[in-house]
Each structure stands twice: as C-alpha cells, then as structure tokens.
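Colleague:
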Amino acid sequence: MTAGTVRPSIAVLERQLTLYRRLWRASVFSSFVLPVLFVISIGIGVGGYVGSVKGVDYLSWIVPGVVASTAFQMALGESTYPVLGDFKWSRAFHAMRATPVQPNHILTGHLLYLLFRVTTAVLAFLLVVLFFGALRSPWAVTVPLVCALLTVATAAPVSAFAASIDSDSHFTLLFRFVMIPASLFSGVFFPIEQLPGLIRPVAYVSPLWHAVELCRSATLGTAPPWPVAAHVGCLLVWAVAGTLLAARRFRRRLED
Amino acid sequence: MIFARGLVKRFGDFTAVNGIDVEVAPGEAFGFLGPNGAGKSSTMRMISCVSAPTSGELRILGMDPVRDGTRIRARLGVCPQLDNLDPDLTVRENLTTYARYFGLSRVEGRRRADELLDFVQLSDRAGSMVEPLSGGMKRRLTIARSMINEPDIVLLDEPTTGLDPQARHLLWERLFRLKQRGTTLVLTTHYMDEAEQLCDRLVVMDGGKIVAEGSPRSLIETYSTAEVVELRFPDGLDLNADYAAKMSGIGERVDPLPDRVLLYADDGDAALTEVHQRGLTPSSVLIRRSTLEDVFLHLTGRTLVD
Amino acid sequence: MLTTLAAARSMRASRPGLSTTRVGAVISRNVGALRSGPAYWIVLVSGFFEPLLYLLSIGVGVGALVGDLTVYGRTMPYAAFVAPAMLAVSAMTGALAETTFNVFFKLKYVKTYEAVLATPVRPVEIAFGELTWATVRGSFYTAIFLGVMVALGLAPVGGALAAFPATILVSLAFGAVGLTISTLMRGWQDFDLLTTGQFAMFLFSGTFSPVQDYPAWAEILIQITPLYHAVELVRRLSLGVYGPGLLGHAAYLLVMLAAGLWFAARRMERLLCP
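Residue numbers (our numbering), protein chains in the order written: chain Y, 1014 to 1269; chain B, 201 to 506; chain F, 258 to 531.
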C-alpha cells in the first residue's frame, strides 16, 4: 500500500468510528455479553454433563470455538445491512466516491473498521475467559491474529455479496442458511469428526472451521488437525479472493 | 475548465448523451437545461468523473477524467440530485468527515466546517442530527459539503428540485454569492427561473442532444419574442387549436397548448387588441415577458415540466 | 381485499363490539403480503430451520458427548431433553418475529395501521388480527418441528399431539407480549435489547441443561421469566410427565396472554387514535 492509498482509507475508517461512537453501547451486548453468556450456558451448564473432550474439559474446549464464531458473526453481520445501506439508503459510499476516495479505499476502510471491532471484542472476551481458567497456553496471544484473518476472510466475500444485491431480504437467508449452520457445525461445539461423512467436506471449506482449529490449538497448546500453514492458507484464500471480488463489486456499483 | 467534444454516453442500447460539445470558462455559471431524461444528469456524472464517457473527448481542468479522475475530483465539489448526507452524523460531523476524504487535517476541516456552516446559515444547527432538518437545510448542507475542499468547480445537479419557494430563493442567493467569489458553477435544472437567475450561459438539452446554446437573454431574443400573451378560453379544452387558427397572423407565432393558447408578439397589448378585434373573447388573459420556457417550447414543441 | 374493505365500510354506522370480519381483514392483509413475492415466503418458511439446526448441533452433536441425562426421574438421550425446549423456542421466536419486527415496521414506518384505521377497524381488532397471524406462523413452525421430533424418535406421537396445543398457547402468550413491546419501541436500537433478552432466555431457561443445576438465586430468577414456563410445559407434555405443575405453567402463560393483549390494545389506541 502506498501513502496515497492509506490516507483515504483512514478517512473512511474515521467516518465509521465516528458513527460507532454513537452505537457502541448497543453493540456491547451482541459482541461481548452474548458470547460470555454462551460460554456460561453451554460451556459450564452443558459442560458439566459432557466431562471432557479429547482429554480437555469441555469449557476450555469450546472457548476458542466461541471466540472464533463471535468474530465470524460480527464480521458477517457488519458487512450486510451496513454495507448495503451505505450503497442504497444513505448513499454514503456514493458521497465518498465524489471525492478523491476510490472504491478500493472504501473497502479497505470498512475492513479496517471491522478489524478494530473484532479485535476489541476478542480481547475483552479473552480477558474474561482467562478468569474462567480456559486459556491453557501462552500461544493464546495469537488468537486475535487468527480472528483478524478470519474477519477479512468473512467480511470481504460478504461485502461483495452486499454490494451485488438490491433487496435486504437476501440477508435473512444468508443468516439462516450460511451464518447459523456455519456457527453450529464448524467444530465450535463438537468435533467435526462427528459430522456425517457427506457434510464434513462443507466444514473443511468453511473459513470458520480453520479459524476454530487454529484458535483451539493456540489456547490449548496442542497441534491443529491440519498443518498450521494449511489452515492459514485456506483462510488466506478466502481473504484474498473475497477482497478481489469485493473490490470489483464496489467499483461496479459506484460506476454508472 | 471543462471541454467536451462529441461526448457520448450509452447504457446498453439506450443513448443517454448523444454527441454534445460543451465548453465552460473559469468563473462562469453554466447551466444544462432540459426535461427529465434529457441527458443532463448523465453528463454531470461524466464531468464529476464517476462515469466514463462511451466515446468523445472530455477534459476537465485540462485533465482526462478516466486517467486522472482522482486528481480532478480533488478539485471538484459535487452536489448530487439526491442528498446523500450521512443521516447518523451531526451537521458539523458531515462536513468534518468529508474534509478528511480530501486529505485535509482535522484542524483545517473543523475550521472550514464552521466557516461553511456560517455561509449556508446553519451554524445554530451544527450539533443537530441530519434527519430532522428541512429539505432546504439539507440542500444547503450538501452545498456546504461540496465546498469543503475549496473546489475550482462546483457541480450542482438540480439544486432546488423539491424545495419550497422560500428555500429556493435563499439557496439562489447563496449560490449567487459563491459565483461572486469567482467559483465556476455548473448546474442542471428543469426550472426556467432558476436558469435565468443563476446562469451566465446555458445549453438546452433534449433527447441527449444540445438544441440551443447561449446566454438566457440571447436565447430568448433568438427563439422567442419580447412578450407573450397567454389566453384561456372557457371551452378551450377541445377548441384551442381552432382559436389558434383564428389568431394566425397576429404577432410572430401562435401555439395552442391543451389548457391555453400562447401568442408570441413583441408588443403584447397591440396583439391583444387585435385578438379582440377578431371577435375572440378569452376568459382570462395574461401578458408577460418571454421566458426560457417559451424558448424550450419553441425548440422542442413540448413544455418542460409536465 | 376489496370485498373485505367494502364489508368493513358497510358496518361503519353500527360500530359493534369486536368484529370478526374486521379482525379477519387485518389478517388477510398479512396473507396478502405473502403474495407480494418469493422473498417474504422464503424468509417465512425457512424460519423453523434455526431451532432445528440448534437441535442437530447441540442436541445431537453435543448430545453424543453428553450421553444420557436423567430428569423427572427418567433417563433419556440428551437430544430428547433439548428437542422440546427448541420446540418452545421456535414457537416463541416465530410469534415474536411477527409481532415485534413486522408490527413495529408497520406501526412506525409504512403507517399501515393509519390506513387501516381510516376504515372502521379498531386498534383492538388490529391487535387481535396481528396476534392471530403471529400464532398461525408460530404454530406452523412447531407443527413441522414436532414432525421432525417424531421422525427422529425424540418424542412419541401421543406426546407430540399433547404438546401441540401447548405450543399454540406459547405462541399466543409471546405474541401478545410482543405486540406490547412493539408499541413501546423507540427505534431499531431497542431491538438489540430485545434480541439480547430473547437470547439470554434461550440460553438459560432449562433449554440446554436442567435449571436445578444453577445456584438457587439463578433458579428463582429463571422461574420468573416466561420461556422457562413454556419449556417446562411443552417438555412435560411431550414426554408424558403429567402433574399439577402443568397447570401452574399454563396459568403463567394465560396471564401473560391476557395482560399482553390488554396492554397492547391500550397502547395502540393511544398511539393510533391520540
């Protein structure tokens, strides 16, 4: 990135942060309180009946999964209505387009904003589960990095989708048929080896599964099922392909 | 400032702009006049470097909009047809945020924002959200926003469409001051009075083409007469064409419209006397100065705003 | 649509008590929206997937790690414990989605009701109409879900038949409260609070683990909230665990229904006919 790219992207990020200053209170619930409640209900409540998974107590086992799925849901959610809205309702992206800010900068600014949002939520969550004793390895410090990569791998393709559609009812379907199934069957709550053989490859494709496994190996200090490079590689493919696609969609939507 | 030769914009099979030539000089207030769908907005979008011309030559500030779009946009101010203010930001934040898009420092952005709020008379609303503002206030804010980078050219796409008369006059007054400061203004409108108020020079567009060009005064002189007599008849709905036929030869030209008959003459009173002499008894008569509306009617055979 | 409008108009002079025709007109407006396009249909029909996916993920997936569970003195697979809870949840979410999100939208933005009230339809009739529609939607989800439960062997047919009327009551109770909530909403940001509350109940109402596991104070807190009673009622009926406790849970939901409806009608009256 050259200096000419950085400055307009930062300006877009600043706009998002100015908006966020008004909205952060409401988002504390969804991005922080809910994941903690989830850990208490499933990790501790149900965990009491589970005992241990692969030699690890259930709470410690699902915590990294919940972290990753929180990042996944935030990145996905924040790239739906907000992105479509800035194209269609407030037309804020069109307003930016009339200045030296280019479609690429708009996309970059949006992704930077999500990195900020996800990272703060992940750090706060890690701090809480630290007190639950669910972080068992110093490698846990790499969890925010994995979540950052997952954020781009998720937000970029979803932003491309949001830039391509005209009706927001598509999002309900995206939540129902992509977000919820992905969150529930990507190894967050139970190992994907339990999935029927036919469905398992779908989990292998999901960026969330790779992030879950990386986070889990980080907080537990164990080796992930695939080589680290393979998991990171899959996430990178999503991130790079998604970003290229989104850049194209943004450009097309803001032209003509 | 702006130079276009044989400019064309096509969307699939539809030709929105069909080979126009335009030249705008520094400090000029230039207007594109025409009905909806005449190709004004497409032309504006090409000038504001968000839509690439299909063919023809276009130079803005001496640069090529496709290659140097970013550098050109840095020196343009754009006020789009539909307000695209940030509804979740305050009035002032809308300006300071926008200043950052041009790479201005925060301090400079705040300084200019306050100055511009003063200019568009919105200082007392600086901390308010955008949503409760009236249409005229939003428009003024959009114009203030378009000036945040101290642009060489301000592009205004139908600046007063949808505003009440009072708000329009306030806006015109502000735009006139802007012009006095030496800013080049380029605007589109389908209001005659707006074009006459603001434009030094204008082109009349219809069906993607330029059908006439000149100052408002010279267009009226060329394509119309000094005065126009508007005549309404009680049974005019079906018979206006007949009445018009009976008036032929009076003045320079007679135009029957669905609701009235227009009689073009340099001396309206004399023409009216002649109408009465022919035994015609209109239910109402209005003698007025000729306007751009008459020019447009003469050029295209249609009224501008249906 | 035109016939209902004409029928409503002809009754303008009399203004009798609660008119079933006019309540019907409010419902038929919603059914009319179904014809507006495939998007709303897909959104509506796919609504039952969410609890189903939770059942498969937590009930079956995590259930494999849990093994069997003993509640009400019976031992059962974990999925059989979670399934009725998800059933109650789907009745709740189906009814709430319709009476909060959609009603709020109509109330605040599209002003549907102001147009409806220009006819002799009264606010209380709007409330009844919306509630009926929400219950139809909720019951549609629960009927499918019960079918799935029987197919997966998580409930006997008799239990499913006994639980179905209970899920209708759950839809009605949550729908009525949802109507009240949508008249109290200030803006979309309040939906965050509602969703959070809904989600917290979803996690802790004896849905995934028995409430007896919680500390006493938490158990009491949970017993105050509505979803707990819905889950208990539906679970006991579907498993065939009868007892006087059932009446208590049902009474809770009935009171909720009556109070919700009463408040909603009053609030609508005040909002729409000031």
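Idealized CB from N, CA, C, for every residue including glycine. Predicted model, so just to flag it, every value in this text is computed and none were measured.
For S1072/Y, which option in A1259/Y, R1149/Y and P1238/Y has the closest C-alpha, if you only look at C-alpha atoms?
Modeller: According to the sequence as given, residue 1072/Y is Leu; it is not Ser. Of A1259/Y, R1149/Y and P1238/Y, the residue nearest in Cα terms is R1149/Y.
Colleague: Nearest-angstrom Cα distance between Q1086/Y and L316/B?
Modeller: 41 Å
Colleague: Could you compute how far the alpha carbon of Y1033/Y sits from the alpha carbon of T1164/Y?
Modeller: 18 Å
Colleague: For S1054/Y, is the classification buried or exposed, using 16 other Cβ atoms within 10 angstroms of its Cβ as the cut-off for buried?
Modeller: buried
Colleague: Could you round the C-beta distance between C162/B and L333/B to whole angstroms and report it? I think they count as a contact, below 8 Å.
Modeller: Nothing in the structure corresponds to residue 162/B, since chain B is present only between 201 and 506.
Colleague: Can you say whether F214/B is buried or exposed, counting buried as having 16 or more other CB atoms within 10 angstroms of its CB?
Modeller: exposed
Colleague: Just mark S305/B as buried or exposed, buried being the case when its beta carbon has 16 or more other beta carbons within 10 Å.
Modeller: exposed
Colleague: Only counting the same chain, and skipping five residues up and downstream in sequence, which positions put a Cβ closer than 6 Å to that of R210/B?
Modeller: T254
Colleague: For V354/B versus T388/B, is the C-beta spacing smaller than 8 Å?
Modeller: no
Colleague: Could you confirm whether any beta carbon from chain Y is found closer than 8 Å to the beta carbon of S233/F?
Modeller: Nothing about residue 233/F can be reported from this structure: the residues present for chain F run from 258 to 531 only.
Colleague: Taking Q1115/Y as the query, report the chain B residues whose CB atoms sit under 7 Å from its CB, ordered along the chain.
Modeller: T270
Colleague: Would M1014/Y be called buried (16 or more neighbouring beta carbons within 10 Å of its own) or exposed?
Modeller: Below a pLDDT of 50, predicted positions are generally treated as unreliable, and M1014/Y, at 44, falls in that range; no measurement from the model is reported.
Colleague: With a Cβ-Cβ cutoff of 8 Å, do V491/F and P377/F count as a contact?
Modeller: no
Colleague: By the three-class DSSP mapping on this structure, what secondary structure does R269/F have?
Modeller: Summary for R269/F: the model assigns pLDDT 28, below 50, so the residue's position carries little reliability; its value from the coordinates is reported in the next sentence. Judged by DSSP in its simplified three-state form, R269/F adopts coil rather than helix or strand.
Colleague: Looking at chain Y, which residues of the stretch 296-317 of chain F have a Cβ within less than 9 Å of any of its Cβ atoms?
Modeller: A296, Y297, I299, V300, S303, G304, F306, E307, L310, Y311, L313, S314, I315 and V317
Colleague: Assign S255/B to one of three DSSP states: helix, strand, or coil.
Modeller: When DSSP states are grouped into helix, strand and coil, S255/B belongs to the strand group.
Colleague: Quick one: what's got a C-beta closer than 7 Å to T1093/Y's C-beta in the same chain, skipping five residues either side?
Modeller: Taking C-beta separations shorter than 7 Å and ignoring five residues to either side along the sequence, the partners of T1093/Y in its chain run V1171, A1175, F1184 and L1187, following chain order.
Colleague: Does the beta carbon of T297/B come closer than 8 Å to any beta carbon on chain Y?
Modeller: yes
Colleague: Which full runs of the alpha helix (DSSP H) of 4+ residues lie inside the stretch 393-463 of chain F, going along the chain?
Modeller: 414-441 and 446-461
Colleague: Candidates A1224/Y, G1255/Y, S1219/Y and P1151/Y: which alpha carbon is nearest A1242/Y's?
Modeller: A1224/Y
Colleague: Need the endpoints of the beta strand (DSSP E) that M333/F sits in, please.
Modeller: Unbroken beta strand (DSSP E) run through M333/F: R331 to P334.
Colleague: For the stretch 1014-1043 of chain Y, which residues have a beta carbon sitting closer than 9 Å to at least one beta carbon of chain B?
Modeller: G1017, R1020, P1021, I1023, A1024, V1025, E1027, R1028, T1031, L1032, R1035 and L1036
Colleague: If we ignore side chains and look at the alpha-carbon of each, how far apart do W1152/Y and S462/F end up?
Modeller: 36 Å
Colleague: Any idea what DSSP makes of Y391/B, helix, strand or coil?
Modeller: coil
Colleague: What are the residues of the stretch 283-307 of chain B that lie near chain Y, defined by any Cβ-Cβ distance shorter than 8 Å?
Modeller: N284, L285, D286, P287, D288, L289, E293, T297, Y298, R300, Y301, F302 and G303
Colleague: Run down chain F in chain order and give the residues with a C-beta less than 8 Å from the C-beta of Y1062/Y.
Modeller: V323, G324, L326, Y335 and S466
Colleague: Helix, strand or coil, according to DSSP, for E371/F in the structure here?
Modeller: helix
Colleague: In terms of DSSP beta bridges, what is R210/B paired with?
Modeller: T215/B
Colleague: Could you tell me the distance, in whole angstroms, from the CA atom of F433/B to the CA atom of Y423/B?
Modeller: Between F433/B and Y423/B, the C-alpha separation is close to 26 Å.
Colleague: Would DSSP call F230/B helix, strand or coil?
Modeller: strand
Colleague: With 8 Å set as the bound, which would you pick, yes or no: does the beta-carbon of E1268/Y sit closer than that to a beta-carbon of chain B?
Modeller: True, the Cβ-Cβ gap to chain B drops below 8 Å.
Colleague: With 8 Å set as the bound, which would you pick, yes or no: does the beta-carbon of R210/B sit closer than that to a beta-carbon of chain Y?
Modeller: no
Colleague: Using the rule of at least 16 other Cβ atoms within 10 Å of the residue's Cβ for burial, across every protein chain shown, is V454/B buried or exposed?
Modeller: buried
Colleague: Return the chain-ordered list of same chain residues with a C-beta closer than 8 Å to the C-beta of V1201/Y, the five sequence neighbours on each side being excluded.
Modeller: Excluding positions up to five away in sequence, the list reads I1075, G1078, V1079, A1081, S1082, L1221 and V1225.
Colleague: Determine contact between the stretch 231-238 of chain B and the stretch 398-408 of chain B, defined as no fewer than three beta-carbon pairs at a distance below 8 Å.
Modeller: yes
Colleague: With contact counted as at least three CB pairs below 8 Å, one residue from each stretch, are the stretch 453-472 of chain F and the stretch 336-350 of chain F in contact?
Modeller: For the pair of segments examined, the stretch 453-472 of chain F was found to touch the stretch 336-350 of chain F: the number of CB pairs separated by less than 8 Å reaches three.
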